[in-house]
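Plus 97 on top of the position in the sequence shown (first one is 1) and you've got our numbering. In this text, a Cβ means the ideal position worked out from N, Cα and C, and glycines have one as well. Bear in mind the structure is a predicted one, so any value in this text is a computation, not a measurement.
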Amino acid sequence: MRTVEWHDGRVRMIDQRQLPWNFSYIEYEDYREVAQAITDMVVRGAPAIGATGAFGMALAAYQCPAQVIGSAIEYLEVAAVILKKARPTAVNLAWAVDRMMRVAKDELLYTTKDVINAMLAEAQKIADDDVLINQAMGKHGAALIRNGDTVIHHCNTGALATVDYGTALGVIRTAFEQRKKFRVLLTETRPRMQGARLSAWELKQLGVPFEIIPDSSAGYYMRKGEVKLVLVGADRVAANGDTINKVGTYMLSVLAKENNIPFYPVSPTSTIDLAMPTGDQVPIEERSADEVRTPYGNPLIPEDYPVRNPAFDITPQRYLAGIITEFGIALPPFKESLPRMVERSTQPAVK
Ligand code: MRU
């Protein structure tokens, strides 16, 4: 299953808004629709929106009417701005779009057809690499899960949040494939219920034992001594290790520290943003109040009740036991270990 892919001149993605009730694909033939699909969370999850941004750029090249490279680049620059604006927090989107722009400007491309082919190949590589990277993180992280453990997992970080396989849920998947016996507590993840809808859907298909818990009950289970590990994804990791992830991650990390439970984000190096000194500089997306008032069309809160809806929060690096990357587990001090991991990502292959 690929969350997003190129299909016959279109970008095809699984419509995640419909899950778990209905599995369907949507196809787009205009990059502006792809940007809107990212904003509307047809596709979501940092690595998945990175790959979608890359395919969106390839689509922009494909639909571009320009006959000469100079005009095509101008067209692509506009597409890059529109796609990067679709969601502000996950750095993977800007990372992938900038990488596509660098390919478009390669001086060895002589015709607009060359540009289209090169951009399609690059988007495909970003997507294919994502799967390999997730599998590598799965191997590094699975060593932390022991027989008999209960693991708390937040949001959805699985195949649906990536191109395939997953980050934190990928670690859980690898441990399960290694025949370890453990249980997973999935936080619902209000207001969009990525945990209860999407992670549960994925684990059910894989056969991994899970239970869905209200977000607010995580502390109860931790204090009882049931929980041995907390695994989350990341939308952006700052140079000092501060981790920006789905709102509620910060609370989980503080509770984990209070209860002596190791807490790990699972983050590909494409999510590490060394240009951000700390998490406090990262833009945090505020989403529509209607997501809280009227979840999935069910009116719960009157329209005139004020609501705030931040999509992400910032977990200070001091709450992390380590950060699981495709090159191994980065340990504190992160200011030293993260640049080493990012440096390795510039080498040709994932080892
Ligand atoms: O708002 P979402 O659903 O895009 O948020 C997703 C998350 O916060 C994930 O934990 C994060 O993107 C990492 S997933 C591989």
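Residue i by DSSP, collapsed to three states: which one?
i, result
"Lys278", "coil"
"Ala427", "strand"
"Met348", "helix"
"Tyr317", "helix"
"Lys448", "Reliability fails at Lys448, whose pLDDT of 46 lies under 50, so the model's placement of it is uncertain and no value is given."
"Thr271", "helix"
"Leu328", "strand"
"Ile146", "helix"
"Thr284", "strand"
"Pro436", "helix"
"Ile381", "coil"
"Tyr262", "coil"
"Phe307", "strand"
"Pro399", "coil"
"Met98", "coil"
"Ile249", "strand"
"Pro407", "strand"
"Ala152", "The displayed chain sequence assigns Phe, not Ala, to residue 152. Helix at Phe152."
"Trp58", "Absent from the model: residue 58. The displayed extent of the chain is 98 to 448, so no value can be given."
"Asp387", "helix"
Can you check which of these residues, the options, is closest to residue i by C-alpha distance?
i, options, result
"Pro311", "Ala155, Tyr128 and Gln291", "Gln291"
"Leu428", "Ser296, Tyr361 and Cys252", "Tyr361"
"Ala315", "Lys343, Val178 and Leu283", "Leu283"
"Val228", "Val268, Asp377 and Ala240", "Val268"
"Ala224", "Ala353, Ala187 and Tyr262", "Tyr262"
"Val363", "Asn119, Ala143 and Val200", "Ala143"
"Glu61", "Arg114, Asp137 and Glu274", "Residue 61 lies beyond the range of the chain shown here (98 to 448); nothing can be said about it."
"Arg374", "Ala336, Arg114 and Glu130", "The sequence shown places Pro at residue 374, rather than the Arg named in the question. Of Ala336, Arg114 and Glu130, the residue nearest in Cα terms is Ala336."
"Arg287", "Met198, Ala233 and Ile309", "Ile309"
"Asp410", "Met348, Ile421 and Asn231", "Met348"
"Leu217", "Leu116, Pro117, Asp105 and Pro396", "Asp105"
"Ser296", "Gly330, Leu397, Pro430 and Glu204", "Gly330"
"Gly425", "Leu397, Ala233 and Asp401", "Ala233"
"Asn119", "Val334, Trp103 and Val139", "Val139"
"Asp370", "Val334, Asp203, Gln113 and Gly394", "Val334"
"Ser350", "Ala155, Ile420 and Gly304", "Ile420"
"Ala155", "Val165, Ala177, Arg141 and Ala134", "Ala177"
"Ile242", "Ala272, Lys222 and Asp226", "Ala272"
"Asp112", "Met198, Leu257 and Gly153", "Leu257"
"Arg405", "Ile398, Val389, Tyr393 and Lys301", "Val389"
"Val439", "Ser385, Ser367, Gly376 and Glu400", "Ser367"
"Lys354", "Ser385, Ala372, Cys161 and Gly322", "Gly322"
"Ile358", "Lys325, Gly304 and Ile123", "Lys325"
Under 7 Å: does the beta carbon of residue i sit that close to some heavy atom of the ligand MRU?
i, result
"Thr264", "yes"
"Asp332", "yes"
"Lys343", "yes"
"Val439", "no"
"Val268", "no"
"Pro144", "yes"
"Arg141", "yes"
"Ala408", "yes"
"Val379", "no"
"Thr254", "yes"
"Ala336", "no"
"Ala258", "yes"
"Gln291", "yes"
"Val329", "yes"
"Ala187", "yes"
Name, in chain order, the residues that DSSP records as bridge partners for residue i.
i, result
"Thr340", "Val334 and Thr412"
"Ile421", "Val363 and Ile426"
"Val188", "In the DSSP output, where bridge partners are listed per residue, Val188 has none listed."
"Trp103", "Val108"
"Asp370", "Ala335"
"Gly255", "Gly263"
"Tyr125", "Val108"
Report yes if the CB atom of residue i is closer than 8 Å to the CB atom of residue j, and no otherwise.
i, j, result
"Leu206", "Tyr128", "no"
"Ala418", "Leu328", "no"
"Pro306", "Arg280", "yes"
"Pro413", "Asp339", "yes"
"Ala148", "Val260", "yes"
"Ala151", "Ala158", "no"
"Lys278", "Gly245", "yes"
"Val108", "Tyr125", "yes"
"Arg320", "Asn356", "yes"
"Val379", "Thr209", "no"
"Leu190", "Ile146", "yes"
"Ala132", "Ala183", "yes"
"Val212", "Ala201", "yes"
"Gly235", "Arg196", "no"
"Gly255", "Glu299", "yes"
"His251", "Gly345", "yes"
At least one CB of chain C closer than 8 Å to the CB of residue i: is that the case?
i, result
"Asp332", "In the structure shown, chain C does not exist; there is a single protein chain."
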